[in-house]
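In my numbering, the protein residues as written are 22 to 305.
All residues carry an ideal CB built from backbone N, CA and C; glycine is no exception.
Values in this document were obtained by computation on a predicted structure and should not be read as measured data.
Below is one structure, written out as structure tokens; comments come after it.
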């Protein structure tokens, strides 16, 4: 368990004052909520809440009294999303909004101010507008069912993960593991922009084998959405463990999603070592 910060506790205390049916369960678990620590830009407002990363809890809109986190670098406003899974807070995630859309999110440290002089109505309008734009730019996640989709996924994985190092096009199949395979696609504006391949072993462990996002849309939450969908599948399959062999360049990404470095020794590869890339086994 990760202890709640004062700000997170204040947010949850205000949130759990509501009458929504999900809040009663959360209210009982406030002391043991699991939070993945994230710094975020702008004022700390609640924009929308999700259960299991997919089901929105209606039109709940909240503010947190005098407890606000703010910086000056994002004058057009910002907000964050609380993700709930199995009745526990699993992710506190920040978004910044600006024009043109989308911007690359920059992280800053939280600090306390009082909210007495804030124009809440104006900021709410900013957040509603930004959230609407966000929904229009969201990627859809789906399972690979067609041969053409499988071929496009192979091409994307090779282009992003292996082509830069001179590795062959059939790397995915050379690295194939035994078990039930799950292949996911991310589409945005009808274009394939991301993909994930995972394998469920006989031991009931899910391994993320490959994860790739097209370079021009990285940093927009697509990789996170792919992993979230796989976690949902793993939960439905009653998996005991989810793990991956992560490049050192991806360790921070997986940490933000609740993965931790395992005590297992990770493999190495001479071609990647030439480029300063090492590996860690990460799990959750």
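- Distance from residue 231 to residue 188 at the Cβ level is roughly 12 Å; contact not present, criterion being Cβ atoms closer than 8 Å.
- Within the DSSP secondary-structure output, residue 301 pairs in a beta bridge with 267.
- DSSP places residue 272 in the helix class (H, G or I) of the three-state scheme.
- For a cut-off of 8 Å, the C-beta gap from residue 177 to residue 250 is around 16 Å, too long to register as a contact.
- CA-to-CA, the gap between residue 290 and residue 166 works out to about 32 Å.
- As computed with DSSP, residue 228 is found in a beta bridge with 220 and 264.
- In the DSSP annotation of this structure, the continuous segment of the beta strand (DSSP E) that includes residue 208 starts and ends at 201-209.
- The residues 200, in chain order, have a CB closer than 6 Å to that of residue 222 in the same chain once the five nearest residues on each side in sequence are set aside.
- Residue range 161-164 is occupied by the beta strand (DSSP E) that includes residue 163, with no alpha helix (DSSP H) assigned at that position.
- By the neighbour-count criterion, in which a residue is buried when 16 or more other Cβ atoms sit within 10 angstroms of its Cβ, residue 193 is buried.
- Checking the DSSP bridge columns, you'll see residue 215 partnered with 207 and 234.
- In this model, residue 245 and residue 180 are separated by some 20 Å (Cα to Cα).
- Listed in chain order, the non-local C-beta contacts of residue 298 below 7 Å within the same chain comprise 268, 269 and 270, local neighbours out to five positions each way being set aside.
- Partner residues in the beta bridge of residue 281, as assigned by DSSP, are 304.
- Of the other Cβ atoms in all chains shown, 16 or more fall within 10 Å of the Cβ of residue 242; this residue is therefore buried.
- Selection 301, 260 and 174 evaluated against residue 216 yields 174 as nearest (Cα-Cα).
- Rounded to the nearest angstrom, the gap between the Cα atoms of residue 237 and residue 258 is 33 Å.
- Cβ atoms of residue 282 and residue 227 stay farther apart than 8 Å, at about 18 Å.
- In summary, residue 247 is buried, with 16 or more beta-carbon neighbours lying within 10 Å of its beta-carbon over all protein chains present.
- A direct Cα-Cα distance of roughly 30 Å separates residue 203 from residue 296.
- By the criterion of a C-beta distance shorter than 7 Å, residue 287 is surrounded in its chain by 266, 300, 301 and 302, once the five residues flanking it on both sides are discounted.
- Counting the other CB atoms within 10 Å of its CB gives residue 279 a total of 16 or more, which places it among the buried residues.
- The shortest C-alpha to C-alpha distance from residue 274 to any of 162, 184, 284 and 234 is the one to 234.
- Classified as exposed, residue 292 has fewer than 16 neighbouring CB atoms from the shown chains inside 10 Å of its CB.
- Within the same chain, Cβ atoms closer than 7 Å to the Cβ of residue 209 are found at 160 and 238, the five residues on either side in sequence being excluded.
- In this structure, the straight-line span from the alpha carbon of residue 198 to that of residue 285 is close to 18 Å.
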